[in-house]
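Worksheet: the structure to be examined is printed underneath.
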Amino acid sequence: MAKQRVLFLCTGNSARSQMAEGLLRHFAGDRFEVFSAGTRPTGLNPNAVTAMAELRVNIAGSRSKSVDEFAGQRFDYVFTVCDNAKESCPVFPGGGKKLHESFQDPAAAPADKQLGVFREVRDQIAERLRKFVREESQVGQ
Numbered sequence: 035m036a037k038q039r040v041l042f043l044c045t046g047n048s049a050r051s052q053m054a055e056g057l058l059r060h061f062a063g064d065r066f067e068v069f070s071a072g073t074r075p076t077g078l079n080p081n082a083v084t085a086m087a088e089l090r091v092n093i094a095g096s097r098s099k100s101v102d103e104f105a106g107q108r109f110d111y112v113f114t115v116c117d118n119a120k121e122s123c124p125v126f127p128g129g130g131k132k133l134h135e136s137f138q139d140p141a142a143a144p145a146d147k148q149l150g151v152f153r154e155v156r157d158q159i160a161e162r163l164r165k166f167v168r169e170e171s172q173v174g175q
């Protein structure tokens with residue numbers, strides 16, 4: 035059976051969507067082909083790399099990608115992780131399911147609190163993705 039394809043979208047593809055991509059690969063990479071992109075990519079945030087490394091998930095080699103790189107591709111799920119991406123989310127062929135959950139932008143936190151906010155958002159995303167993986171396991175039964 036082919037892996038289901040999941041695309042996480044955010045504005046900058048610097049933190050939330052990158053963490054989601056890494057987490058879903060970590061939790062269920064054998065079941066999903068996972069990607070992330072941004073509507074206006076800005077570069078990988080070092081705090082995202084640090085927060086993920088604390089869970090032994092390495093996203094250091096990732097790069098911010100534009101959603102345009104995925105034009106014409108089919109996805110089973112397009113998961114927006116911020117409201118801006120939801121509003122400007124392009125239509126992908128193949129009738130994939132759109133999912134949305136808006137997570138706080140950790141990069142917008144004050145510099146002295148940023149890493150803590152990155153950890154909180156990482157944990158919120160992880161909780162949501164664990165639920166997603168459980169739900170998908172039940173669908174396949």
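According to the working numbering, the sequence shown holds residues 35 to 175 in order.
Beta carbons: idealized from backbone N, C-alpha and C, even for Gly.
Closest by C-alpha distance to residue i, when choosing among the options
i	options	result
Leu149	Ala49, Glu67, Phe69	Ala49
Phe69	Ala36, Ala87, Phe104	Phe104
Arg39	Gln52, Gly63, Gly46, Ser51	Gly63
Leu41	Arg162, Leu133, Gln158	Leu133
Ala36	Gly95, Thr45, Phe66, Asp146	Phe66
Met186	Gln158, Ser171, Gln172	In the structure displayed, the chain extends from 35 to 175; residue 186 sits before or after that span and is not available.
Gln138	Glu154, Ala145, Asp146	Glu154
CB contact flag (residue i, residue j, <8 Å)
i	j	result
Thr73	Val101	yes
Val91	Leu58	no
Phe61	Arg164	yes
Ala71	Lys99	yes
Val167	Glu135	no
Gln52	Leu89	no
Run of the alpha helix (DSSP H) containing residue i, from where it starts to where it stops
i	result
Arg59	50–62
Val83	80–87
Own chain partners of residue i with C-beta closer than 8 Å, once the 5 adjacent residues on each side are dropped
i	result
Asn81	Ala49, Pro140, Ala141, Gln148, Leu149, Phe152
Lys131	Asp110, Tyr111, Val112
Bounding residues of the beta strand (DSSP E) (the contiguous stretch that carries residue i)
i	result
Glu103	Segment: none, Glu103 is in no beta strand (DSSP E) and carries neither H nor E.
Gly72	66–72
Val91	Segment: none, Val91 is in no beta strand (DSSP E) and carries neither H nor E.
Counterpart residues of residue i in DSSP-defined beta bridges
i	result
Leu133	Phe113
Phe42	Ser70, Phe113
Contacting residues, own chain, Cβ-Cβ under 7 Å from residue i (five flanking each side not counted)
i	result
Ala160	Leu57
Thr45	Gly72, Thr73, Arg74, Cys116, Asn118, Ala119
Nonlocal neighbours in the same chain, by C-beta distance under 6 Å from residue i, ignoring five residues either side
i	result
Ala94	Val83
Ser96	Gln52, Leu78
Arg162	Glu135
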